[in-house]
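Number of protein chains: 2
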Amino acid sequence: MKKLMNSPDAFVDEMLAGLVAAHPSLVHEGRVVCRAGGARKGKVGIVSGGGAGHLPLFTGYVGEGLLDACAVGDVFAGPSVDSCVQAIHTADGERGVLRLYGNYGGDRMNFDLAGEMVEMDGIKTTTVLGTDDIASAAPEEGTRRRGVAGIIYAYKIAGAKAETGADLAEVTATAQAAVDAARTIGVALSPCQIPGAAKATFEIGPDEIEMGMGIHGEPGIWRDKLRSADDVADEMVRRLLADPVASPSGRVSVLVNSLGATPLEELFIVYRRVAALLKKEGLTIVRPLVGHYVTSMEMAGLSISLIHLDAEREKLLAAPCACPFWRV
Amino acid sequence: MKKLMNSPDAFVDEMLAGLVAAHPSLVHEGRVVCRAGGARKGKVGIVSGGGAGHLPLFTGYVGEGLLDACAVGDVFAGPSVDSCVQAIHTADGERGVLRLYGNYGGDRMNFDLAGEMVEMDGIKTTTVLGTDDIASAAPEEGTRRRGVAGIIYAYKIAGAKAETGADLAEVTATAQAAVDAARTIGVALSPCQIPGAAKATFEIGPDEIEMGMGIHGEPGIWRDKLRSADDVADEMVRRLLADPVASPSGRVSVLVNSLGATPLEELFIVYRRVAALLKKEGLTIVRPLVGHYVTSMEMAGLSISLIHLDAEREKLLAAPCACPFWRV
Chain W
5 MKKLMNSPDA
15 FVDEMLAGLV
25 AAHPSLVHEG
35 RVVCRAGGAR
45 KGKVGIVSGG
55 GAGHLPLFTG
65 YVGEGLLDAC
75 AVGDVFAGPS
85 VDSCVQAIHT
95 ADGERGVLRL
105 YGNYGGDRMN
115 FDLAGEMVEM
125 DGIKTTTVLG
135 TDDIASAAPE
145 EGTRRRGVAG
155 IIYAYKIAGA
165 KAETGADLAE
175 VTATAQAAVD
185 AARTIGVALS
195 PCQIPGAAKA
205 TFEIGPDEIE
215 MGMGIHGEPG
225 IWRDKLRSAD
235 DVADEMVRRL
245 LADPVASPSG
255 RVSVLVNSLG
265 ATPLEELFIV
275 YRRVAALLKK
285 EGLTIVRPLV
295 GHYVTSMEMA
305 GLSISLIHLD
315 AEREKLLAAP
325 CACPFWRV
Chain D
5 MKKLMNSPDA
15 FVDEMLAGLV
25 AAHPSLVHEG
35 RVVCRAGGAR
45 KGKVGIVSGG
55 GAGHLPLFTG
65 YVGEGLLDAC
75 AVGDVFAGPS
85 VDSCVQAIHT
95 ADGERGVLRL
105 YGNYGGDRMN
115 FDLAGEMVEM
125 DGIKTTTVLG
135 TDDIASAAPE
145 EGTRRRGVAG
155 IIYAYKIAGA
165 KAETGADLAE
175 VTATAQAAVD
185 AARTIGVALS
195 PCQIPGAAKA
205 TFEIGPDEIE
215 MGMGIHGEPG
225 IWRDKLRSAD
235 DVADEMVRRL
245 LADPVASPSG
255 RVSVLVNSLG
265 ATPLEELFIV
275 YRRVAALLKK
285 EGLTIVRPLV
295 GHYVTSMEMA
305 GLSISLIHLD
315 AEREKLLAAP
325 CACPFWRV
């Protein structure tokens, strides 16, 4: 797989250098990206992070009304404990810091350890894990689910809550409720390749797709011949709606997200069907998102995320924010 | 090449249906997309258009401070005369309409014919052609050059000019000056495929790149082994700066644009180098753009556009606008 890069070892650092060069609202120090100007005193901080290779996730969502800092690892490899500690310190506005990131073992280990370390410095932290990938575990094992694209809804909603002056417990509860109300499923058409790796993350036939595959190529639900966009959308929406949530309100936001190489044309063809299906189910769509929000570099495929909105979440989703990649 | 679609024949219409469903600021009627609410009375209208398959181009740039309407053809095939006529009528605010689109024979023929037809209805029109692709003809044959990603700078600058209440001659002159000040070069890594076509738009070896290739796979300057991102960026910037422009001011905007499958990570690696090179040349970068702005569906590769700014262009580039895809 051809990549425009200089060396695998420089991939992440050069990418971060370009990101902050292009976006003066962001600064980075090593593997931590934060808002220019640093932490906002008196506001609960929110940090995220994880392996690189998913832009705009994570660092693209640093900005007013969203995240305060991110710790970034190598491609598809969690951030170091040091980076997690540094991100938490950077985000600390003396009201505590929420660690809001996807449910992956390596990330969890290092963010947990970092939380213990900063506690000794007097920084109180809490954790909310993105667990929106419905293909990764059954509903009754929801806490084992991986975090994928739906986490950006939690960023936006928790970020807006923090801007209201809410305390750490309130921001944490709002983030957890957003995660609990979000569901995602993906479909993969072709793999990506980690810079420097000898081969792609997985193999798939030229006429095959895999339903439910994770963003690092984790196995999905089935692999079969390519189907029509409408057939694929129908199954994905059916699976999303069949997954139980507490007290659905009838109002949802939906994200049709490219995993990388799948172009906007196909996303809109799928969104058209998703919107029709949700309408048919009596659901009202609020602030839909269609585009490249959480990717796996050049992987082809897409994910559909659905978040059920109560009045507060809907208001927080609509609150102003300033970040290069949150686009409605 | 796998695509999530229903049928090749429905590709464009279903894509447009999804686009307007996701973005209520846009409406479409057949193959014309315009602003919800229609033409703004008393403002010079600006229309664009061309073949589909380049999202966000063209229709994504319809909005306040940008375009008023677009006529869209099939994938990589110009819009019909009827659609061009309809787009001009839709954009007409009784101050005349600028036709601003890329320099391709089919588009030119139909937009020209449409211009003659609407003249009979009393609508005065002018034409400015995007001709920014420096690989497509020598500087002395500038009017033969094709239009590629640099045209979005002309959209933004002419669109902002029209919002000031300027007349058709002024908006046209501003658009032409923006085109004259813009330069683009692309590099392709892998092809795309027209929906329903038996094969990809071109063939290229698994370790090859082609410098200067057009967005429909038009032949470039050379084809060779993949090189480092910095080597590629160096050559592209050198070629862009070697191409003469009238009275360069030392201030430029730059767009590092994915042709589709190339991910943000690689764009930022390249942008990092581009920014360093321009700085070394004593140029100041204003409002850089990095992302998916003008694509060829799932084609891999990127283009770099440079626009030289005078004081007016810089002000117009910074003017507010409202469109789903103009992101800074």
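Same order as they appear, the protein sequences are chains W and D. The first sequence: position 77 = 81 (the numbering used here), numbered continuously. The second sequence: position 138 = 142 (the numbering used here), numbered continuously. Beta carbons: idealized from backbone N, C-alpha and C, even for Gly.
Write down every uninterrupted run of the alpha helix (DSSP H) in the segment 61 to 106 of chain W whose length is 4 residues or greater and which is fully enclosed by it, in chain order. 85 to 95
Compute the Euclidean distance between the alpha carbons of residue 242 (chain W) and residue 234 (chain W), then round it to the nearest angstrom. 12 Å
Counterpart residues of residue 261 (chain D) in DSSP-defined beta bridges: D:295, D:307
Give, in chain order, every unbroken run of the alpha helix (DSSP H) that is at least 4 residues long and sits entirely within the segment 169 to 206 of chain W. 172 to 184
Answer yes or no: do residue 191 (chain W) and residue 240 (chain W) have a C-beta to C-beta separation smaller than 8 Å? yes
Report the three-state DSSP secondary structure of residue 290 (chain D) (helix, strand or coil). coil
When the distance is taken between beta carbons, is residue 213 (chain W) closer than 8 Å to residue 193 (chain W)? yes
Under 9 Å from the C-beta of residue 108 (chain D): neighbouring residues of chain W: In chain order: nothing, as chain W lies at least about 19 Å away.
For residue 55 (chain W) and chain C, any beta-carbon pair shorter than 8 Å? Here the protein chains are W and D, and chain C is not one of them.
Answer with buried or exposed for residue 226 (chain D), where buried requires no fewer than 16 other C-beta atoms within 10 angstroms of its C-beta. exposed
Rounded to the nearest angstrom, what separates residue 286 (chain D) and residue 293 (chain D) at their Cα positions? 19 Å
What does DSSP give as the partner residue(s) for residue 31 (chain D) in the beta ladder? D:38
Out of curiosity, what's the CA-to-CA distance linking residue 118 (chain W) and residue 247 (chain D)? 52 Å
Going by Cα to Cα distance, which pick from D:202, D:40, D:25 is closest to residue 259 (chain W)? D:25
Residue 59 (chain W): contacting residues in chain D (beta-carbon distance under 8 Å): 267, 268, 269, 272
Buried or exposed (CB count within 10 angstroms, at least 16 for buried), residue 4 (chain D): A question about residue 4 (chain D) goes unanswered here, because the residues of chain D that appear run from 5 up to 332.
Selection of the segment 151 to 179 of chain D by Cβ proximity to chain W, strictly under 8 Å: none
For the putative contact between residue 72 (chain W) and residue 40 (chain W), defined by C-beta atoms under 8 Å, what is the C-beta separation to the nearest angstrom? The pair is not a contact, with the Cβ atoms about 12 Å apart (cut-off 8 Å).
Kindly list the residues whose CB is nearer than 7 Å to the CB of residue 314 (chain D), restricted to its own chain and excluding five residues on each side of it in sequence; keep chain order. 253
Continuous alpha helix (DSSP H) stretch holding residue 242 (chain D): start and end: 233 to 246
Does residue 328 (chain W) get closer than 8 Å to chain D when you measure Cβ to Cβ? yes
What residues in the segment 32 to 44 of chain W bring their beta carbon closer than 8 Å to a beta carbon of chain D? none
Kindly indicate which residue of W:309, W:210, W:160 has the alpha-carbon position closest to the one of residue 322 (chain W). W:160
Sort W:229, W:278, W:298 by Cα distance to residue 263 (chain W) and report the nearest one. W:298
Three-state secondary structure (DSSP) at residue 113 (chain D)? helix
DSSP has residue 215 (chain W) in a bridge; who is on the other side? W:191, W:226
Sheet register partners of residue 208 (chain W) (DSSP bridge): Residue 208 (chain W) pairs with nothing; no bridge assigned.
Use the C-beta contact count for residue 250 (chain D): other C-beta atoms within 10 angstroms, 16 or more gives buried, fewer gives exposed. exposed
Please report the residue range of the beta strand (DSSP E) in which residue 23 (chain W) lies. Looking at the DSSP string, residue 23 (chain W) is not in any beta strand (DSSP E); the run it does join, the alpha helix (DSSP H), is 15 to 26.
Can a CB atom of chain D be found closer than 8 Å to the CB of residue 207 (chain W)? no
Sequence-distant residues of its chain with Cβ nearer than 6 Å to residue 175 (chain W) (five each side left out): 48, 102, 162, 165, 166
Is residue 64 (chain D) near residue 111 (chain D), with beta carbons less than 8 Å apart? no
Cα-Cα separation between residue 195 (chain D) and residue 14 (chain W), rounded to whole angstroms: 27 Å
Residue 9 (chain D): contacting residues in chain W (beta-carbon distance under 7 Å): 233, 270, 273
By the 10 Å Cβ neighbour count, where 16 or more other Cβ atoms means buried, how is residue 209 (chain W) classified, buried or exposed? exposed
What residues from chain W crowd round residue 318 (chain D), counting only those whose CB sits closer than 8 Å? Near residue 318 (chain D) there are no residues of chain W at all, since even the closest Cβ is about 16 Å away, more than 8 Å.
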